[in-house]
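Engineer:
There are 2 protein chains.
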Amino acid sequence: MRIGELGQATCVDIETIRYYEKAGLLPEPARNANGYRAYGPAHLERLAFIRHCRALDISLADVKRLLEFVAHPEADCGDIDQLIDGQLARVRARLNSMQVLERQLVALRGQCDSGHAAGECGILHELVAAAHGEACACHLNAVPEPLRTRKRSA
Amino acid sequence: MRIGELGQATCVDIETIRYYEKAGLLPEPARNANGYRAYGPAHLERLAFIRHCRALDISLADVKRLLEFVAHPEADCGDIDQLIDGQLARVRARLNSMQVLERQLVALRGQCDSGHAAGECGILHELVAAAHGEACACHLNAVPEPLRTRKRSA
DNA sequence: TACACACCCGGTAGTTACTCCAGGGTCAAG
DNA sequence: CTTGACCCTGGAGTAACTACCGGGTGTGTA
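From first to last, the protein sequence lines are chains A and B. When we follow the working numbering, the leftmost residue of the first sequence carries the number 1, and every step to the right adds one. When we follow the working numbering, the leftmost residue of the second sequence carries the number 1001, and every step to the right adds one.
In structure tokens:
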């Protein structure tokens, strides 16, 4: 199997396959006399696994860890649970902020009914106003402290 | 106002402020005799605007465009509408795939009840199996065609 | 006066996960 | 013998920062 065929079979771009090889996720395949990479079914399986993990938005570093578990089935799988839990937490956090974001954008979009100049555009007004009134969460709690203990100046 | 104060006031990292300046989003401020950047209220406002747009996950390129609209209020705001619409579409697409992702991870997490070795881990089995059975959408439609019109070979 | 410490400077390099490009080699069909 | 599909390596580019380096500045305190 050459790289193009492997790519077609797994829906992975050729450049990406070579990238995975360089990154140490896909073992270096044998080479034909002409120097072309020659892949076997094991490579296909492994690449499909990587692809699937990536579709689940698991980072390459974590995919690497998972591949090590696959290679060493005697290891404790509690770590796998943790990895998935962490992934789930990240996804949920992003999901939340995305939902907030969507509502904000919809509200924003509702501000403008088009057909006029930017000067009166509700969207721009809204954005500028929001920027103005923005409460800065980092001021309310957990400030990194210093910023020079000065009395008054400038 | 020095860069640290501006950063505190807007919740933006100092390095990020300098980055925005280099990227042309924040105008170069005046300098004190010692070379320190000296910001005024206009900078604060502008940075807050950028910050807010970024919180809405608007790309820096698009923020730049918005800033141009702010600077030229006589322009047609139809373009702003388009920009926000595009943003909304992107957010919604990501939202969808995130939701699918979350369900998949939850299902995955349910496969393993911990306390055993990775060899019998349901999560790993599931991932490997899913990778195996993965239907490749790109095969079903819109193949980029060639892959050499060959008869049969290795 | 000396020191520590917070703050600032510019410039460069690193991050993630690719993606693209240049410049070249290989191989089968027409 | 040319065309076109395919492959190779190595390097650069992407977004939006983040981190680090070596060094300069300014002030409160011992």
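We put the CB at the ideal spot given by N, CA and C, even for glycine.
#1: Express the C-alpha separation of residue 1009 of chain B and residue 1053 of chain B in angstroms, rounding to a whole number.
#2: Can you list the residues of chain A that residue 1123 of chain B reaches, using a CB-CB cut of under 8 Å?
#3: Helix, strand or coil: how does DSSP classify residue 1042 of chain B here?
#4: So, using beta-carbon positions, are residue 1006 of chain B and residue 1047 of chain B closer together than 8 Å?
#5: Under the three-state reduction of DSSP, which class applies to residue 103 of chain A: helix, strand or coil?
#6: What is the DSSP secondary structure of residue 1013 of chain B, reduced to helix, strand or coil?
#7: Let me know the secondary structure DSSP gives residue 75 of chain A once reduced to three states.
#8: Where does residue 1048 of chain B sit, in a helix, a strand or coil, going by DSSP?
#9: I'd like to confirm the pairing. Which residues does DSSP put opposite residue 1037 of chain B in its beta bridges?
#10: Out of curiosity, what's the CA-to-CA distance linking residue 85 of chain A and residue 1109 of chain B?
#11: Return helix, strand or coil for residue 98 of chain A, following the three-state DSSP convention.
#12: Whole angstroms are fine: how far does the CA of residue 1096 of chain B sit from the CA of residue 72 of chain A?
#13: Answer with yes or no whether the minimum CB distance from residue 43 of chain A to chain B is below 8 Å.
#14: What separation, rounded to the nearest whole angstrom, lies between the Cα atoms of residue 1111 of chain B and residue 1042 of chain B?
#15: In chain order, what residues of the same chain lie with their CB nearer than 7 Å to the CB of residue 1057 of chain B, ignoring the 5 residues before and after it?
#16: Checking contacts by CB at 8 Å: is residue 983 of chain B closer than that to chain A?
#17: Can you tell me the Cβ-Cβ gap for residue 1018 of chain B and residue 98 of chain A, rounded? I've got them flagged as a contact below 8 Å.
#18: Using a C-beta to C-beta distance shorter than 7 Å, which residues of chain B count as neighbours of residue 60 of chain A?
#19: Measure how close the beta-carbons of residue 77 of chain A and residue 1121 of chain B come, nearest whole angstrom, since I'm counting them as under 8 Å.
#20: For a contact defined as C-beta to C-beta under 8 Å, what are the partners of residue 105 of chain A on chain B?
Structural biologist: Once the coordinates are examined:
#1: Translated into the one-based positions of the second sequence, residue 1053 of chain B becomes position 53. Translated into the one-based positions of the second sequence, residue 1009 of chain B becomes position 9. Approximately 16 Å between the Cα atoms of the pair.
#2: Along the second sequence, one-based indexing puts residue 1123 of chain B at 123. Within chain A, the residues near residue 1123 of chain B are 77, 80, 81, 84.
#3: Your numbering for residue 1042 of chain B matches position 42 in the second sequence. Note: residue 1042 of chain B maps to helix in three-state DSSP.
#4: Within the second sequence, the letter at position 6 stands for residue 1006 of chain B. Within the second sequence, the letter at position 47 stands for residue 1047 of chain B. A contact, by the Cβ cut-off of 8 Å.
#5: Taking the first sequence and counting its residues from 1, one reaches residue 103 of chain A at position 103. Residue state, collapsed to three classes: helix.
#6: As a first step, residue 1013 of chain B must be located in the second sequence, where it is residue number 13. The answer is coil: DSSP assigns residue 1013 of chain B none of H, G, I, E or B.
#7: Here residue 75 of chain A refers to the residue found at position 75 when the first sequence is read from its first residue. It is coil, neither helix nor strand.
#8: Residue numbering aside, residue 1048 of chain B sits at position 48 when the second sequence is read from its first letter. Here residue 1048 of chain B sits in helix by DSSP.
#9: Taking the second sequence and counting its residues from 1, the one referred to as residue 1037 of chain B is at position 37. BP columns for residue 1037 of chain B point to B:1031.
#10: Sequence index remark: in the first sequence, residue 85 of chain A carries index 85 (1-based). Sequence index remark: in the second sequence, residue 1109 of chain B carries index 109 (1-based). If you draw a straight line from the Cα of residue 85 of chain A to the Cα of residue 1109 of chain B, it comes to about 7 Å.
#11: One-based indexing of the first sequence puts residue 98 of chain A at position 98. In this structure, residue 98 of chain A counts as helix in the three-state DSSP scheme.
#12: Here the question's residue 72 of chain A lines up with position 72 in the first sequence. Here the question's residue 1096 of chain B lines up with position 96 in the second sequence. Computed Cα separation, rounded: 35 Å.
#13: As a working mapping, residue 43 of chain A is identified with position 43 in the first sequence. Output row for residue 43 of chain A: interface = no.
#14: Start at 1 with the first residue of the second sequence, and residue 1111 of chain B comes out as number 111. Start at 1 with the first residue of the second sequence, and residue 1042 of chain B comes out as number 42. Taking the straight line from one Cα to the other gives about 55 Å.
#15: In the second sequence, residue 1057 of chain B corresponds to position 57, counting from 1. Cβ within range, chain order: 1091.
#16: Missing from the structure shown is residue 983 of chain B; chain B here goes from 1001 to 1154 and no further.
#17: For the purposes of this step, residue 1018 of chain B is taken as residue 18 along the second sequence, with counting starting at 1. For the purposes of this step, residue 98 of chain A is taken as residue 98 along the first sequence, with counting starting at 1. That belief does not hold up - the Cβ atoms of residue 1018 of chain B and residue 98 of chain A are roughly 29 Å apart, past 8 Å.
#18: The residue you call residue 60 of chain A lines up with position 60 of the first sequence. None at all; the shortest Cβ gap to chain B is about 15 Å.
#19: Taking the first residue of the first sequence as 1, we reach residue 77 of chain A at position 77. Taking the first residue of the second sequence as 1, we reach residue 1121 of chain B at position 121. Contact holds; Cβ gap of about 4 Å.
#20: Translated into the one-based positions of the first sequence, residue 105 of chain A becomes position 105. Here the neighbours are 1056, 1084, 1087, 1088, 1091.
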